[in-house]
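**Student:**
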Amino acid sequence: MLNFLKKRKKDTKKELHDLLGDYELPSFSATVMNVLNALRNPDFSMSEIAEQLERDPGLHVKVLKTVNSAAFG
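Numbering (UniProt numbering), first residue to last: 1 to 73.
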């Protein structure tokens, strides 16, 4: 039988390491986690979100860039 038709057992962890090397995904800041948790609450208020964003200027800038982009406008 043709060998290339046989299924190879995949080592997904090894393949992932081969692709990414030693790259590690960045973790979310506490502010991002707080905003996400607030958004999951059906009774959240925009003032809660604004308070969280005021604590993280970098995130504040990213949100403003996104909402002011052509995709939203």
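Glycine included, every Cβ here is placed at the ideal spot set by N, Cα and C.
Judging by CA-CA distance, which residue of Pro26, Asp22, Thr31 is the nearest neighbour of Thr51?
**Tutor:** Walking along the sequence shown from the start, residue 51 turns up at place 51. The question names Thr, but residue 51 is Glu in the sequence shown. The candidate whose alpha carbon is nearest that of Glu51 is Thr31.
**Student:** Starting from Ala71, trace the alpha helix (DSSP H) in both directions and tell me its first and last residue.
**Tutor:** Locating residue 71 in the sequence shown gives position 71, counting from the first residue. Run containing Ala71: none; DSSP gives neither H nor E here.
**Student:** Residue 74 lies in the alpha helix (DSSP H); which residues open and close that run?
**Tutor:** With the chain represented from 1 up to 73, any question about residue 74 goes unanswered, as that position is not in the structure.
**Student:** What's the C-alpha gap between Lys13 and Ser47?
**Tutor:** One-based indexing of the sequence shown puts residue 13 at position 13. One-based indexing of the sequence shown puts residue 47 at position 47. Those two C-alpha atoms are separated by around 43 Å.
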